[in-house]
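Here is the structure we will look at.
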Amino acid sequence: SGWLPDVLEGMNGISSAIAESMRNTPMYEHYADVAPRPEDFPQLLDKMGDLMRQENDSTADIAGLSMPVMLIYGDADSIAPSHAAEFFGLLGGGQRDAGWDGSGMTKHRLAILPGTTHYNVHESPLVPMVVKPFLAEE
């Protein structure tokens with residue numbers, strides 16, 4: 040997996056046992072805002088923990104995607120930047136020089152945004168700057 044070692048270690052502790060300590064976190068607050076039964080938060084943590092502890096190798100799935108894909112990661116993400124580059128490579132990106140005119144560029148894009156984490160990358164003002172041109176491509 041592309042998770043950093045300390046993140047993997049933390050995933051082992053995700054369960055209902057930590058529900059009370061999660062009450063003052065953004066994750067719980069967002070959950071409580073939208074969940075029909077906020078009191079089920081401990082069950083969510085059990086299910087998340089079970090899912091996170093499963094081995095997940097999606098490399099074959101990634102390599103088989105035919106539509107344009109944009110990968111966005113933070114440079115301080117919980118996923119290693121090398122893994123982001125590996126996924127980009129599975130899509131055919133970064134395999135050759137695009138040429139002075141860009142004609143050798145793939146339809147896929149990779150953005151590793153500076154000063155962002157796995158938890159706040161979506162808030163970066165750089166996201167629209169990299170996504171808009173990608174969405175405008177044909």
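Residues 40 to 177, numbered by the numbering used here, are exactly what the sequence shown covers, in order. Glycine included, every Cβ here is placed at the ideal spot set by N, Cα and C.
6 angstroms CB neighbourhood of residue i in its chain, flanking five on each side removed
{"i": "D114", "result": "I151 and P153"}
{"i": "A137", "result": "G143 and M144"}
{"i": "K171", "result": "none"}
{"i": "I111", "result": "A150"}
{"i": "V169", "result": "A150"}
Same chain only: Cβ atoms within 7 angstroms of residue i, ignoring 5 sequence neighbours per side
{"i": "R92", "result": "M50 and N51"}
Rounded separation between residue i and residue j - CA only
{"i": "S60", "j": "G141", "result": "50 angstroms"}
{"i": "L129", "j": "K146", "result": "13 angstroms"}
{"i": "V166", "j": "P77", "result": "31 angstroms"}
{"i": "I53", "j": "W139", "result": "48 angstroms"}
{"i": "D45", "j": "Q134", "result": "30 angstroms"}
{"i": "T155", "j": "L104", "result": "27 angstroms"}
{"i": "N95", "j": "M66", "result": "23 angstroms"}
{"i": "M106", "j": "R148", "result": "12 angstroms"}
{"i": "E41", "j": "N159", "result": "Reading off the sequence, residue 41 comes out as Gly, not Glu. Using only the alpha carbons, I get a separation of about 18 angstroms."}
{"i": "E177", "j": "N63", "result": "44 angstroms"}
{"i": "Y70", "j": "F80", "result": "8 angstroms"}
{"i": "P75", "j": "H157", "result": "26 angstroms"}
{"i": "I101", "j": "F126", "result": "7 angstroms"}
{"i": "F173", "j": "Q82", "result": "38 angstroms"}
Environment of residue i [buried if 16+ CB atoms lie within 10 Å]
{"i": "L99", "result": "Checking the displayed sequence, the identity of residue 99 turns out to be Ala instead of Leu. Answer is exposed; the Cβ neighbour count stays below 16."}
{"i": "A123", "result": "buried"}
{"i": "G132", "result": "buried"}
{"i": "V73", "result": "exposed"}
{"i": "D116", "result": "buried"}
{"i": "L47", "result": "exposed"}
{"i": "L84", "result": "buried"}
Residue i beta carbon near the ligand HEM (any heavy atom closer than 7 angstroms)
{"i": "P153", "result": "In the structure on display, the ligand HEM does not appear, and there are no ligands present to speak of."}
Meets three-Cβ-pair contact criterion under 8 angstroms: the stretch 52-71 and the stretch 79-96: yes
Ignoring anything shorter than 3 residues, give me the beta strand (DSSP E) runs that lie fully in the stretch 74-135, in order along the chain. 109-115
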